[in-house]
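Notes follow the structure.
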Amino acid sequence: MSRPNAELCCADSEGTAESKLFVWSSSNGGTSWMKYTKGTKSTVFGVKSAMVFKMCIQLRNVDYSGGDVANTQGESADFCCERLPSDARLQALHVDILQRRHVLVEAD
Numbered sequence: 004m005s006r007p008n009a010e011l012c013c014a015d016s017e018g019t020a021e022s023k024l025f026v027w028s029s030s031n032g033g034t035s036w037m038k039y040t041k042g043t044k045s046t047v048f049g050v051k052s053a054m055v056f057k058m059c060i061q062l063r064n065v066d067y068s069g070g071d072v073a074n075t076q077g078e079s080a081d082f083c084c085e086r087l088p089s090d091a092r093l094q095a096l097h098v099d100i101l102q103r104r105h106v107l108v109e110a111d
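Using my numbering, the first residue of the sequence shown is number 4, and each one after it goes up by one.
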């Protein structure tokens, strides 16, 4: 992706389901290289790299209505983040404690 600086690459990587890290170089006016895995590490002057962590933060007593795309069964919210697929469309996870299910919520 064409990007003038590395700071713009984080959002690109977070929005790309397969991307776990990126490397930015000044080639072609600035380019972000989205990566799904680390290859062999090498030192290249001027290149910037970053691991991108897709975070799952639990909020108590918060529900998001609408936008449901899937649900899974589970005893507690503790394992919900692991069940959240790496899909850029999925922005939230609702836990229905009474029905013991996890509902994946698509962003508006």
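We put the beta carbon where it would ideally sit given N, CA and C, even for glycine.
Computed from a prediction, not measured in an experiment: that's the story for all the values here.
- Boundaries of the beta strand (DSSP E) around SER35: 34-38.
- For SER16, the uninterrupted alpha helix (DSSP H) run begins and ends at 12-17, by DSSP.
- Leaving aside the five residues that flank MET54 on each side, the residues in its chain whose CB is nearer than 6 angstroms to its CB run, in chain order, LEU24.
- When the alpha-carbon of THR43 is set against those of VAL26, THR34, GLU10, the nearest one is in VAL26.
- Looking at the backbone, the Cα of MET37 and that of PHE56 are separated by about 13 angstroms.
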